[in-house]
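Add 70 to the 1-based position in the sequence shown for my numbering, that's all there is to it.
Ideal Cβ positions, reconstructed from N, Cα and C, are used throughout, including at glycine.
Single-structure report; data block below.
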Amino acid sequence: VGQPLAAPSVPDADEAQERRAAADPLVGMVVAERYRILSVLGVGGMGVVYKVEHVHIGKLMAMKLLSGALSRDPVVIKRFKREALAASRLSHPNTVQVFDFGQANNLTYLVMELVPGEDLARVLRLDGPLTVGRVVRLMVQVCGSLAEAHAAGIVHRDLKPENVLLVRSRDGKDELPKVCDFGVAKLRGSAADGTNDATQDRAVVGTPYYMAPEQIRGEEVDARADVYAIGAMMYRLLTGQPPFEGPSPMAVFAKHLTESPRPLSERAPDLGIPRSIDALVLRAMAKNRDDRFASVEAMQVELFDVLRAGNTSSVDLLVDAGHIERLAAHLTLGSSPSQPAMLVRKTATRDEVAAYERKLNRQRRLGQVLLGGALLGGLVTLGVLARQARGYVEAQALPAVLPEGIENEPNDDAARANRVAFGREVRGQIGKRLAPDRSDRDFFAFDVPAGVDRAQLRLTALPNFATCLWLYRSGTADPLARFCSGAPRQDFTLPSYLVEPGRYLLAVLQDTDGHGADSPPV
Numbered sequence: 071v072g073q074p075l076a077a078p079s080v081p082d083a084d085e086a087q088e089r090r091a092a093a094d095p096l097v098g099m100v101v102a103e104r105y106r107i108l109s110v111l112g113v114g115g116m117g118v119v120y121k122v123e124h125v126h127i128g129k130l131m132a133m134k135l136l137s138g139a140l141s142r143d144p145v146v147i148k149r150f151k152r153e154a155l156a157a158s159r160l161s162h163p164n165t166v167q168v169f170d171f172g173q174a175n176n177l178t179y180l181v182m183e184l185v186p187g188e189d190l191a192r193v194l195r196l197d198g199p200l201t202v203g204r205v206v207r208l209m210v211q212v213c214g215s216l217a218e219a220h221a222a223g224i225v226h227r228d229l230k231p232e233n234v235l236l237v238r239s240r241d242g243k244d245e246l247p248k249v250c251d252f253g254v255a256k257l258r259g260s261a262a263d264g265t266n267d268a269t270q271d272r273a274v275v276g277t278p279y280y281m282a283p284e285q286i287r288g289e290e291v292d293a294r295a296d297v298y299a300i301g302a303m304m305y306r307l308l309t310g311q312p313p314f315e316g317p318s319p320m321a322v323f324a325k326h327l328t329e330s331p332r333p334l335s336e337r338a339p340d341l342g343i344p345r346s347i348d349a350l351v352l353r354a355m356a357k358n359r360d361d362r363f364a365s366v367e368a369m370q371v372e373l374f375d376v377l378r379a380g381n382t383s384s385v386d387l388l389v390d391a392g393h394i395e396r397l398a399a400h401l402t403l404g405s406s407p408s409q410p411a412m413l414v415r416k417t418a419t420r421d422e423v424a425a426y427e428r429k430l431n432r433q434r435r436l437g438q439v440l441l442g443g444a445l446l447g448g449l450v451t452l453g454v455l456a457r458q459a460r461g462y463v464e465a466q467a468l469p470a471v472l473p474e475g476i477e478n479e480p481n482d483d484a485a486r487a488n489r490v491a492f493g494r495e496v497r498g499q500i501g502k503r504l505a506p507d508r509s510d511r512d513f514f515a516f517d518v519p520a521g522v523d524r525a526q527l528r529l530t531a532l533p534n535f536a537t538c539l540w541l542y543r544s545g546t547a548d549p550l551a552r553f554c555s556g557a558p559r560q561d562f563t564l565p566s567y568l569v570e571p572g573r574y575l576l577a578v579l580q581d582t583d584g585h586g587a588d589s590p591p592v
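Structure below.
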């Protein structure tokens with residue numbers, strides 16, 4: 071802020087990025103036991119994007135690591151996980167696919183599809199202003215991506231050429247735009263924590279050119295903020311200039327709030343931009359959101375009309391999901407002019423990642439936490455032990471709260487413990503870390519009936535890390551006892567533990583004390 075804000079072109083950006091990549095200490099590191107960092111792809115206000123290799127399936131992906139300050143903010147982390155989860159459910163072929171997200175190695179990461187192409191900002195720097203037909207065809211597809219997101223309740227909030235990646239065939243006849251970074255801009259601030267997109271330091275850098283007035287004012291935004299951004303992005307792609315410029319971000323914001331952009335045909339009179347495009351873009355960029363297109367679908371219809379008026383062939387194929395998926399498969403099999411075929415063939419697809427996760431889940435299920443082998447075998451044994459101690463005492467079982475004996479998430483603290491009927495089997499699994507130094511844990515509550523004075527507990531261990539079982543008396547903060555397997559795949563049994571009637575809690579978690587071969591949760 072306070073420095074002149076030139077048009078968004080960065081001299082020597084590629085050279086600076088290469089210097090950073092050469093010195094990046096994370097290159098070579100394996101994150102979350104599966105992603106090996108290979109090189110830097112880009113640097114932004116939110117963090118750094120790396121090319122990574124999934125060490126278990128040998129496929130290439132992109133990983134975004136949040137910058138240090140953001141990765142230490144618990145509010146940002148919570149919001150990041152929520153937004154990443156929503157984005158991971160998007161599957162439109164014009165959307166960059168999100169595969170995974172989480173925290174590991176003191177890093178907060180988002181893993182996504184590695185797109186073998188360049189962003190539209192770089193294309194603009196290399197090619198200059200794009201033709202009307204080309205821009206309209208690209209924006210039709212961008213609208214398709216956003217339509218799916220909006221239907222899922224996701225507003226992009228940071229749509230700009232840098233966030234649209236372009237895959238091209240070698241002959242240049244086929245182009246496939248892919249929108250990335252859904253929802254990430256929201257991490258920069260919200261009314262909930264007293265900030266907004268316009269007041270956060272990094273939020274204004276690079277984004278003022280496309281931000282809707284209501285977003286600048288810190289108001290709640292909806293899909294029409296993305297409509298505004300599409301209009302501003304079209305303006306830049308067609309003229310080579312942003313709709314508003316100024317000596318500082320605040321000056322640009324002020325123009326978004328108070329001035330109407332010059333018609334494109336006047337801003338770049340030598341480019342032959344038709345008046346119909348002027349009208350379309352200016353409507354998308356109306357100050358009052360009620361005066362814009364009501365949705366990206368409505369804007370897409372107008373874009374279609376432009377193409378049909380120009381006798382463009384194959385217009386309908388631009389929104390044919392089957393055609394786009396086939397085109398995406400073709401373009402990512404090595405026909406992109408900017409990437410070697412061998413490298414492109416190694417990029418991961420959602421199907422490949424899903425297949426790996428299914429395999430991993432099967433392995434996890436092999437090591438289900440059997441508290442009923444613990445409790446079923448154990449609590450059946452309780453009755454025998456009770457008879458030995460006090461004569462015949464019938465162990466009365468409570469009604470089953472988990473009738474299927476399957477863990478009900480979330481249950482990672484005592485307040486949300488799953489209640490288990492006395493004598494029932496319970497199955498569960500340990501998931502992603504709750505924090506870099508805190509494993510997931512599952513809490514279960516059970517009631518020891520009157521007349522029982524000894525318990526037997528048995529734990530069937532997980533296959534990929536050592537496991538602990540902590541026993542609490544309800545209402546106490548410190549465990550009565552801690553039992554750890556010491557190594558992966560090591561079951562253990564506590565044959566006889568003195569108990570009193572009443573409620574107890576069991577916590578199952580990773581053994582983090584280090585036993586050589588065990589690994590962190592995945």
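Next on the checklist: In this structure, how does DSSP classify P231 when only helix, strand and coil are distinguished?
Outcome noted: Along the sequence shown, one-based indexing puts residue 231 at 161. Helix at P231.
Item to check | Start and end residues, beta strand (DSSP E) containing R543 | outcome: Taking the sequence shown and counting its residues from 1, one reaches residue 543 at position 473. R543 -> beta strand (DSSP E) spans T537 to R543.
Checklist entry - In chain order, what residues of the same chain lie with their CB nearer than 6 Å to the CB of G301, ignoring the 5 residues before and after it? => result Stepping through the sequence shown from its first residue, residue 301 is reached at position 231. Hits under 6 Å: V351, A354 and M355.
Next on the checklist: As an exercise, report each continuous beta strand (DSSP E) stretch of at least 3 residues that is fully enclosed by the segment 157 to 238, in chain order.
Outcome noted: 168 to 174, 177 to 182 and 234 to 238
Item to check | Any beta strand (DSSP E) of 3 or more consecutive residues that is wholly inside the segment 98 to 162 | outcome: 105 to 113, 117 to 124 and 129 to 136
Item to check | Sequence-distant residues of its chain with Cβ nearer than 8 Å to R213 (five each side left out) | outcome: Indexing the sequence shown from 1 puts residue 213 at position 143. Looking at the sequence shown, residue 213 is not Arg but Cys. Here the set comprises I300, V366, E367, M369, Q370 and L373.
Item to check | Own chain partners of A295 with C-beta closer than 7 Å, once the 5 adjacent residues on each side are dropped | outcome: As a working mapping, residue 295 is identified with position 225 in the sequence shown. Excluding positions up to five away in sequence, the list reads V225, R227, A282, E284 and Q285.
Next on the checklist: Report the CB separation of L579 from Y542 in whole angstroms; it is logged as a contact under 8 Å.
Outcome noted: As a working note, residue 579 is residue 509 in the sequence shown. As a working note, residue 542 is residue 472 in the sequence shown. The Cβ separation is near 12 Å, so there is no contact.
Item to check | For P519, the three-state DSSP class (helix, strand or coil) | outcome: Locating residue 519 in the sequence shown gives position 449, where the first residue counts as 1. P519 falls in the coil class under three-state DSSP.
Checklist entry - Buried or exposed: D361, going by 16 or more other Cβ atoms within 10 Å of its Cβ? => result To locate residue 361, count along the sequence shown from 1; it is residue 291. Exposed: under 16 other Cβ atoms inside 10 Å.
Next on the checklist: Distance check for P199 and G310, CA to CA, integer angstroms please.
Outcome noted: The residue labelled residue 310 in the question sits at position 240 within the sequence shown. The residue labelled residue 199 in the question sits at position 129 within the sequence shown. Straight-line Cα distance between these residues: approximately 5 Å.
Next on the checklist: Between the alpha carbons of E218 and V206, how many angstroms are there, rounded?
Outcome noted: Here residue 218 corresponds to residue number 148 of the sequence shown, with the count starting at 1. Here residue 206 corresponds to residue number 136 of the sequence shown, with the count starting at 1. Whole-angstrom Cα-Cα distance: 19 Å.
Next on the checklist: Residues in the same chain with beta-carbon distance under 7 Å from A76, minus the five sequence neighbours each way, listed in chain order, please.
Outcome noted: One-based indexing of the sequence shown puts residue 76 at position 6. Because the pLDDT at A76 is just 42, under 50, the model does not fix this residue reliably, and the value given afterwards should be weighed accordingly. Taken in chain order, the list of residues that qualify is empty.
Checklist entry - Going by beta carbon distance, what residues of the same chain come within less than 6 Å of V168, once the five residues before and after it are set aside? => result As a working note, residue 168 is residue 98 in the sequence shown. Excluding positions up to five away in sequence, the list reads A157, S158 and M182.
Checklist entry - Looking only at C-alpha atoms, which of F516, F323 and V185 sits nearest to Y280? => result Mapped onto the sequence shown, residue 280 falls at position 210. Here the closest residue by C-alpha is F323.
Checklist entry - For F374, which of helix, strand or coil comes out of DSSP? => result Here residue 374 refers to the residue found at position 304 of the sequence shown. Of the three classes helix, strand and coil, the one that applies to F374 here is helix, per DSSP.
Checklist entry - So what does V249 bridge to, in DSSP terms? => result Looking up residue 249 in the sequence shown gives position 179. Beta-bridge pairing links V249 to T165 and V234.
Item to check | Of the residues F553, G187 and R195, the one placed nearest Q526, counting alpha carbons only | outcome: The sequence position of residue 526 within the sequence shown is 456, counting from 1. Taking only the C-alpha atoms, the option nearest Q526 is F553.
Next on the checklist: Among the candidates R106, D348 and G342, whose CA atom is the shortest distance from the CA of R332?
Outcome noted: Taking the sequence shown and counting its residues from 1, one reaches residue 332 at position 262. Minimum Cα distance to R332 is reached at D348.
Checklist entry - Given a threshold of 16 other Cβ atoms within 10 Å of its Cβ, counted over all protein chains shown, does T546 qualify as buried or as exposed? => result Here residue 546 is taken as the residue at index 476 of the sequence shown, counted from 1. It is exposed - the Cβ of T546 has fewer than 16 other Cβ atoms within 10 Å.
Item to check | Cα-Cα separation, I127 to R287 | outcome: Locating residue 127 in the sequence shown gives position 57, where the first residue counts as 1. Locating residue 287 in the sequence shown gives position 217, where the first residue counts as 1. Answer to the nearest angstrom: the Cα atoms are 46 Å apart.
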